[in-house]
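Numbering (this note's numbering), first residue to last: 9 to 263.
In structure tokens form, the structure reads like this:
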């Protein structure tokens, strides 16, 4: 049982820690908090269809977007600062807030209901570049996919995470045509051969990312999947960079 002296020592140690390495909210800079309540709420938005606002997922002709995509928040302001701190500045303490936001969204995602006897929904995280994974020590999309699977299962929706995709080296940007750059973005994604059967037999596949910017990675991931015509395929991300207007309207298509 802790004594008064040990409790005092712990408090002094905690205060010294805050002085040496101040804890602050990356969204707004508020001190003495990992993530303040206001910035936390920016992550807890209702899932919204966003594919029409993502350049490489929307189409400029009269066809529907490549796949439906749901996201929670625009990738700007405090949300952008939160993800930058989490991914690039060692703020692992933000993981809990991000996974909680994911879990809160799970019951509101309008995906096909999977009966208990049916195949589970496959959640496929988009891979990070290997160098980024080594530096961070984790893959952001996998963290989000794991949290989403746990929440879906808790709501009686069978789900499993499968790391079916990996990155591959492609030609440098200087050697690519404009069409190649549009199709591949800044990196290539390919299917792991050992997962081919599991993915091709799935009835529901969700591509998961932490943040979608241009949609290039998700577009390329989609083309790597050996799915059948009857498979429901969609995308999910916590945050997304949105164009000011739907892409099809920017090109004169009002559908």
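Note that beta-carbon positions come from the ideal geometry of N, C-alpha and C, so glycine has one too.
Handout entry: DSSP state of residue 170 mapped onto helix, strand, coil
Key = DSSP, reduced to helix, strand and coil, places residue 170 outside both helices and strands of the structure shown, so it counts as coil.
Handout entry: Cross-strand partners of residue 79 (DSSP beta bridge)
Key = As computed with DSSP, residue 79 is found in a beta bridge with 56 and 245.
Practice task
Check whether the Cβ atoms of residue 109 and residue 56 sit closer than 9 Å, and answer yes or no.
Solution key: Contact: no.
Practice task
Under the assumption that residue 79 contacts residue 220 (Cβ atoms under 8 Å), give the Cβ distance between them as a whole number of angstroms.
Solution key: About 7 Å; that satisfies the 8 Å criterion.
Practice task
Measure how close the beta-carbons of residue 229 and residue 197 come, nearest whole angstrom, since I'm counting them as under 8 Å.
Solution key: Right, the Cβ-Cβ distance comes to about 5 Å (below 8 Å), so this counts as a contact.
Problem - C-alpha distance - residue 249 paired with residue 90, whole-angstrom precision - result: So the alpha carbons of these two residues sit roughly 14 Å apart.
Handout entry: For residue 85, three-class secondary structure by DSSP
Key = In this structure, residue 85 counts as helix in the three-state DSSP scheme.
Practice task
Within the same chain, show all residues whose beta-carbon is closer than 7 Å to that of residue 204, passing over the 5 residues directly before and after it, in chain order.
Solution key: Counting only Cβ-Cβ distances below 7 Å, and skipping sequence neighbours, we find 234.
Practice task
Using the Cα positions of residue 159 and residue 167, report the straight-line distance between them to the nearest angstrom.
Solution key: Straight-line Cα distance between these residues: approximately 9 Å.
Handout entry: residue 218 vs residue 149 beta-carbon contact at 9 Å
Key = Yes; because the gap between Cβ atoms is below 9 Å, this pair is in contact.
Practice task
Could you tell me whether any Cβ in chain D is nearer than 9 Å to the Cβ of residue 101?
Solution key: In the structure shown, chain D does not exist; there is a single protein chain.
Handout entry: Check whether residue 212 and residue 120 have beta carbons under 9 Å apart
Key = In this structure, residue 120 lies closer than 9 Å to residue 212 by Cβ.
Exercise for the section: Spatial neighbours of residue 244 within its chain, please: CB distance less than 6 Å, with the 5 preceding and 5 following residues excluded, ordered by chain position. Expected result: Cβ neighbours of residue 244 beyond the five flanking positions: 78, 214 and 216.
Practice task
Determine the DSSP secondary structure at residue 265, reduced to helix, strand or coil.
Solution key: Within the shown structure, residues of the chain are numbered from 9 to 263, placing residue 265 beyond reach of any answer.
Handout entry: Any beta strand (DSSP E) of 3 or more consecutive residues that is wholly inside the stretch 203-250
Key = If we require 3 residues or more, the beta strand (DSSP E) runs fully inside the stretch 203-250 come out as 212-220 and 240-248.
Exercise for the section: Would you kindly report the start and end of the unbroken alpha helix (DSSP H) that includes residue 46? Expected result: 45-51 is the span of the alpha helix (DSSP H), which, as asked, contains residue 46.
Problem - Between the CA atoms of residue 155 and residue 134 - distance to the nearest angstrom - result: Between the C-alpha atoms of residue 134 and residue 155 there is a straight-line separation of about 15 Å.
Problem - Three-state secondary structure (DSSP) of residue 118 - result: If DSSP states are grouped into helix, strand and coil, residue 118 belongs with coil.
Practice task
Can you tell me which of the three DSSP states residue 110 falls into?
Solution key: Residue state, collapsed to three classes: helix.
Problem - Coarse secondary structure for residue 161, derived from DSSP in three states - result: It is helical.
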